[in-house]
Structures are given as structure tokens and as C-alpha cells.
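Worksheet: one structure, shown below.
Numbering (our numbering), first residue to last: 50 to 159.
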């Protein structure tokens with residue numbers, strides 16, 4: 050049951066466009082402060098802080114303190130787990146079908 054809860058929290062975190070934008074910002078330049086992240090979102094510091102808390106609860110970001118500065122880092126592992134569990138298995142079948150199609154077309158044209 051814990052895995053289902055973790056997955057639900059993860060998908061809930063990813064459901065919001067502002068949180069996805071925060072993840073994109075961290076992907077582009079990891080280790081940003083709250084002030085740096087606020088520059089890119091049209092919302093209050095408190096709003097950004099709340100979104101970051103949801104991302105942290107979903108284990109999508111990690112916090113590192115540097116002196117009095119709080120740095121936010123992307124944690125891609127939960128996203129990789131989603132890929133491995135749900136996306137990759139469908140991709141393999143599709144890629145195999147495309148490979149077979151390519152071979153048949155080359156055989157017919159060759």
C-alpha cells in the first residue's frame with residue numbers, strides 16, 4: 050500500500066503546471082534558491098514555497114543547505130521509476146513493430 054501512496058503523491062505533484070515548470074527550471078539549472086525560482090513564476094513566494102513542499106513530499110526535489118541558503122535540486126529517480134514501470138514496456142513493443150515494418154519495407158524495395 051505504501052507504493053500506491055507514493056505513486057499517488059508523485060502523480061498529484063506532477064499534475065500541476067506550476068510544479069512541472071519548477072521541475073523544468075531545476076532541470077535546466079539545478080541548485081536554485083527560492084528567490085531564483087520565484088523570478089520565473091507569476092505567484093507569491095509563499096505560493097512557490099507551497100509548490101516546492103509538494104515536490105519535496107513526492108521526492109522529486111532534494112534540499113541542500115549552503116550556509117543560510119536553501120538550494121533546490123531535481124531528483125529524477127521517481128520519474129525514472131515511472132518510465133521503467135509504465136512507459137518503457139510500451140515503448141519496446143512499439144519499437145519492435147517499427148523495426149519489423151522497416152525490415153519489410155526494405156525487403157519489398159530491395
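Every residue gets a Cβ at the ideal spot worked out from N, C-alpha and C, and that includes glycine.
Checking the DSSP bridge columns, you'll see residue 113 partnered with 120.
By the beta-carbon neighbour count (other beta carbons within 10 angstroms, threshold 16), residue 150 is exposed. When the five nearest sequence neighbours on each side are left out, the beta carbons in the same chain lying within less than 7 Å of the beta carbon of residue 108 are those of 124 and 127, in order along the chain. Contact check between the segment 61-71 and the segment 101-115: three or more CB pairs, one atom from each, fall below 8 Å, which counts as touching. No residue range can be given for residue 134, since it is assigned to no alpha helix (DSSP H) and is classified by DSSP as neither H nor E. By the Cβ neighbour-count rule, residue 142 is exposed, with fewer than 16 other Cβ atoms within 10 Å of its own. Taking all protein chains shown into account, residue 121 has 16 or more neighbouring C-beta atoms within 10 Å of its C-beta and is therefore buried.
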